[in-house]
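As you go down the protein sequences, you meet chains A and B in turn. If you count the first sequence from 1, position 139 lands on 139 in our numbering, and the numbers rise without skipping. If you count the second sequence from 1, position 114 lands on 1114 in our numbering, and the numbers rise without skipping.
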Amino acid sequence: MNTNKIRRDFPILKRRVNGKPLIYLDNAATSQKPEAVIDALTTYYKKYNANVHRGIHKLSEEATQAYEETRKKISKFINAKSEKEIIFTKNTTEAINLVMYSFGMQLEPGDEVISSVMEHHSNIVPWQFLQNFGIKLKFVDINEDGTLKIEDYEKLITPHTKLIAVTHVSNVLGTINPIKEISRIAHKNNILLLVDAAQSVPHMEVDVQEIDCDFMAFSSHKMLGPTGVGVLYAKRELLERMKPFLYGGDMIREVSLYETKYNEVPWKFEAGTPNIADVIAFGAAIEYLEKIGMKNIEKHERELTKYALKKLSKIKNLEIYGPKNPNQRIGVISFNLKNIHPHDVASILDQEGIAIRSGHLCAQPLMKRLNIQAAARASFYLYNTKKDIDKLVQALLKVKKVFKQ
Amino acid sequence: MSYDMYQENILDYSQNPRNKGTIENPDLHFRDVNPLCGDELEFFVKLDKNDKITEIKFQGSGCAISQAAASMITEELLGKSMKDLINYDKKRILKLLGIEISPAREKCAFLSLRALKLAAYSKLGKKELELKEKLDEEGLGY
Chain A
1 MNTNKIRRDF
11 PILKRRVNGK
21 PLIYLDNAAT
31 SQKPEAVIDA
41 LTTYYKKYNA
51 NVHRGIHKLS
61 EEATQAYEET
71 RKKISKFINA
81 KSEKEIIFTK
91 NTTEAINLVM
101 YSFGMQLEPG
111 DEVISSVMEH
121 HSNIVPWQFL
131 QNFGIKLKFV
141 DINEDGTLKI
151 EDYEKLITPH
161 TKLIAVTHVS
171 NVLGTINPIK
181 EISRIAHKNN
191 ILLLVDAAQS
201 VPHMEVDVQE
211 IDCDFMAFSS
221 HKMLGPTGVG
231 VLYAKRELLE
241 RMKPFLYGGD
251 MIREVSLYET
261 KYNEVPWKFE
271 AGTPNIADVI
281 AFGAAIEYLE
291 KIGMKNIEKH
301 ERELTKYALK
311 KLSKIKNLEI
321 YGPKNPNQRI
331 GVISFNLKNI
341 HPHDVASILD
351 QEGIAIRSGH
361 LCAQPLMKRL
371 NIQAAARASF
381 YLYNTKKDID
391 KLVQALLKVK
401 KVFKQ
Chain B
1001 MSYDMYQENI
1011 LDYSQNPRNK
1021 GTIENPDLHF
1031 RDVNPLCGDE
1041 LEFFVKLDKN
1051 DKITEIKFQG
1061 SGCAISQAAA
1071 SMITEELLGK
1081 SMKDLINYDK
1091 KRILKLLGIE
1101 ISPAREKCAF
1111 LSLRALKLAA
1121 YSKLGKKELE
1131 LKEKLDEEGL
1141 GY
C-alpha cells in the first residue's frame, strides 16, 4: 500500500491549518474524501441530475441505474445475500432508529433488549425509547482492559430477550468485539442481533453472512463517502415482516384515499426522494476502498496503532483507554493527560495543525463507567502515516510544557 | 430509445387488445401493479386436467407497452401448458414485442410475465418470500 500515492488522492490533505500542514486524526468522527468521490458528486449534478425510479426519460434512467448500482456494490462489499437486504438511510443513527421503529415497536411489553455500556449513544438512546412501551433494557458491562464482558450475556438473557444490540468496534476504546461469538450466543437463545458497524466496516473486511447478524448499520461518511448516507443491512425475511419506517412517496405500491399497499423490500423502507447524489458518490468511495483492498487498509492501520500505542505509552502521565493488545483493537486511541482537560489538549494540538476529537465522544455512559468526564481521541485511516503519529507525540509533549507538567 | 418502440403491431395490440375480459372461477389468478407508474394487470387462466391452458383473459389499464405485451402473451399461451408458462422468460417477451425496450420501460414490458409467473408459482405452492426470490433470480423482481 503506497500511502504517499493515496494521500495525493485527497485534496484536503494539502491544506494548512494555523500555518501548519493538516494532520487529520479525527477519522472515527468522519473521514476525508478522495477526488473520485467528489467527482462522482459533481458529475451527477452536472450530467444526469434527475429524480430516480419513476422517470421514463434518459436522465432519470441514468440516475436510477447509478443509485441502484451503489446498492449492489454495498451488498457485495459486506457479502449480503442480495442487494434487497441493503436499505439507504441518512446515517447509522437513522438505520438503528429504523430497526427500533419497524422491529422494536412490534415487541411485546415485558420483552427485553440487551445493549452494552460500551455503546455510542446511537445504540442506547433509541432502545431507551422502547421503555415507554414496557420493554426492558439491559446492559452488558466491560472488563477492566476495555473488552466486553461476554459472560454477562448468558447472565442477562431470559426467554423474554428479543434483541442484542452491540457495537462491532468501540468508537472510544477501539476494542474489536468477538462479534461471531456474540452472534452464536444470540441465535442459540433465539435472539436477533443488531451490529453497529460504523467503526468496523470502514476499516476491516466485514462479512455479514459469516457474522450471521440480523441487522447491521454503518455510515458512508466514515468510509470516504459523503455525509447524509447510512446503510441498514437486514436479513430479507425480517425486512419482509417488518412494518415501514417512514410513510409517503416511493415506498408505495398502490395508494387509495384510505389505504396503501407498500412497495417491495428495500424500497418499502425508503420513503420520499432519497439522497441520490450522495448515494451515487458513496458507490465511488466503495470502489476506491476495494481498489486499495480492505485487508491492506486493516494491516496499515494495525501497524499505525501498534506504533502509536508504543509511542504514546512512553509519555509520562498519559493514560490510554482500551485493550493494550493491538490485535484486539483498531486505530481508535482515546487517552487523557493527567490534570489537563481533553478540550485544552485538543486546542493546543489544533494550533499545531493536528485534528483530534475531545469530549464525551458520544458515549457518556462509558465515560461514567471509566470514571472520567471526557477523553481525547486520535483515530487513523488509510492516509495516515507514522510521521503523523510522531507529530502527535511532539505536540502532546508541547501540551505538557504549556501546562507546566 | 426512439419512436421505433411504437410500431404498428404494438399500437394495434394495445388499441385492440386480445383476450381482454374475466373468467369465472379461474384456476390461476393474479393481479399485479407496477409501483412505478400504477399500471395494473389482472390475469385469469383456466386449465384442463393436464394443466393445458384452455382459456386465458386479462383486464387492467396501462401504457401501450404493458397492454400490448399482455395481449400478446395471452394469445401466445392459449393452448400451451403451465410448464410452458413457467419456462417463458424476458427474452421471449422481447421477441414477441419485436422492439427494443429501454431500461426505464422494462417493468412495463414484463409486468404481464411477472403476474402470470406469480400466479403459476403460487399455484405450485411457493411461499411469498420464495416467490419473490424466484422472480429476482429471473430478473422480474422490483
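All C-beta atoms, glycine included, are put in the ideal place defined by N, C-alpha and C.
- Between G230 of chain A and A95 of chain A, the gap from beta carbon to beta carbon is short of 8 Å.
- At least 8 Å separates the beta-carbon of D1012 of chain B from that of L1111 of chain B.
- No Cβ of chain A is located within less than 8 Å of the beta carbon of S1061 of chain B.
- Under a 10 Å Cβ-count criterion, S347 of chain A is classified as exposed, with fewer than 16 other Cβ atoms of the shown protein chains found around its own Cβ.
- Remark: C-beta atoms of D388 of chain A and I23 of chain A approach each other more closely than 8 Å.
- Straight across, the Cα-Cα distance linking G134 of chain A with A197 of chain A is about 28 Å.
- Taking 9 Å as the upper bound on Cβ-Cβ separation, chain B lies near no residue of the region 180-192 of chain A.
- Using a 10 angstroms sphere on the CB of R241 of chain A, the tally of other CB atoms stays under 16, which defines it as exposed.
- Buried is the label assigned to V345 of chain A, since at least 16 other Cβ atoms lie within 10 Å of its Cβ.
- Burial is judged here by how many other beta carbons sit within 10 angstroms of a residue's own beta carbon; T89 of chain A has at least 16 and is buried.
- Partner residues in the beta bridge of D26 of chain A, as assigned by DSSP, are A:S379.
- At a cut-off of 8 Å between C-beta atoms, G55 of chain A counts as an interface residue with respect to chain B.
- The three-state secondary structure of N132 of chain A, taken from DSSP, is helix.
- The beta-carbon of K73 of chain A is placed no less than 8 Å from the nearest beta-carbon of chain B.
- Exclusion of the five residues before and after V172 of chain A leaves S334, L361, A363 and L366 as the residues of its chain whose Cβ lies within less than 6 Å of its Cβ.
- Pairing L25 of chain A with S379 of chain A gives a Cβ-Cβ distance under 8 Å.
- Looking from the CA of H53 of chain A, the closest CA among A:F139, A:G249 and A:S358 belongs to A:G249.
- Taking the CA atoms as reference points, S219 of chain A sits about 9 Å from P226 of chain A.
- Under a criterion of Cβ atoms nearer than 9 Å, no residue of chain B is adjacent to E112 of chain A; the nearest Cβ is some 28 Å distant.
- In the three-state reduction of the DSSP assignment, L1047 of chain B falls in the strand class.
- For V279 of chain A, the uninterrupted alpha helix (DSSP H) run begins and ends at I276 to I292, by DSSP.
- Legend: CB atoms of the region 1097-1110 of chain B lying less than 8 Å from CB atoms of chain A belong to residues S1102, P1103, A1104 and R1105.
- Taking one beta carbon from each stretch, the region 296-304 of chain A and the region 158-170 of chain A have fewer than 3 pairs nearer than 8 Å; the two do not touch.
- Annotation for L239 of chain A: K84, E85, I87, V265, P266, K268 and F269 place their beta carbon closer than 8 Å to its own, counting only its chain and skipping 5 residues before and after.
- Listed by position along chain A, the residues whose Cβ is nearer than 8 Å to that of Y1142 of chain B are N263, E264 and W267.
- DSSP places H300 of chain A within a helical segment (H, G or I) once states are collapsed to three.
- Taking the C-beta atoms as reference points, F245 of chain A is found no nearer than 8 Å to S82 of chain A.
- Listed along the chain, the chain B residues whose CB falls inside 8 Å of the CB of Q65 of chain A are P1103.
- Taking a cut-off of 8 Å for Cβ pairs, the region 1104-1122 of chain B and the region 1080-1094 of chain B touch, as three or more such pairs fall below it.
- Per DSSP, K316 of chain A is not a residue of any alpha helix (DSSP H), being assigned neither H nor E.
- Check the Cα spacing between Q106 of chain A and each of A:H121, A:T93, A:V117 and A:L130: the tightest is with A:L130.
- Within the region 77-107 of chain A, contact with chain B at the beta-carbon level (separation under 8 Å) is assigned to S82 and K84.
- In the DSSP assignment, K1052 of chain B forms a beta bridge with B:S1081.
- Not a single CB atom of chain B sits nearer than 8 Å to the CB of S256 of chain A.
- Contact annotation for L1011 of chain B against chain A: no contact, minimum CB-CB distance about 18 Å [criterion: below 7 Å].
- Put simply, the region 1028-1037 of chain B does not touch the region 390-402 of chain A. Fewer than three CB pairs are less than 8 Å apart.
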